[in-house]
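Asks: Using the working numbering, the letters of the sequence shown map in sequence onto residues 58 to 130.
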Amino acid sequence: MYVNDLAPFRDQLPYTAAIVELAEGPKVMTLIEGAATEQLLIGMAVTAVFRPVDDDDPESPYLTVFTPTEETT
58 MYVNDLAPFR DQLPYTAAIV ELAEGPKVMT LIEGAATEQL LIGMAVTAVF RPVDDDDPES
118 PYLTVFTPTE ETT
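(1) Going straight from the alpha carbon of Q69 to that of G100, what length do you get?
(2) Is the beta carbon of F107 less than 8 Å from the beta carbon of T87?
(3) Going by Cα to Cα distance, which pick from P71, P109, D111, D62 is closest to E95?
(4) What residues are listed by DSSP as bridge partners for I76?
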């Protein structure tokens, strides 16, 4: 486990970074949300979710993160 306490990541601790291989073949570096690190498995199915970077800013850009699919939780 590595801890990144640099801003802007400090407010997001703990977080899980991952490389996800998309069905089309490309791999993307992303965050996994919606499950404890202990519940995650290499190769498990995940689903893309789009959320604002800043929930308090209505003009915030969106970030793509992934969550475990219903079948794998």
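Just so you know, even glycine gets a beta-carbon here, dropped at the ideal spot from N, CA and C. These figures come from a predicted structure and were not determined experimentally.
Replies: With the given structure in hand:
(1) 24 Å
(2) Between F107 and T87, the gap from beta carbon to beta carbon reaches 8 Å or more.
(3) P71
(4) M86
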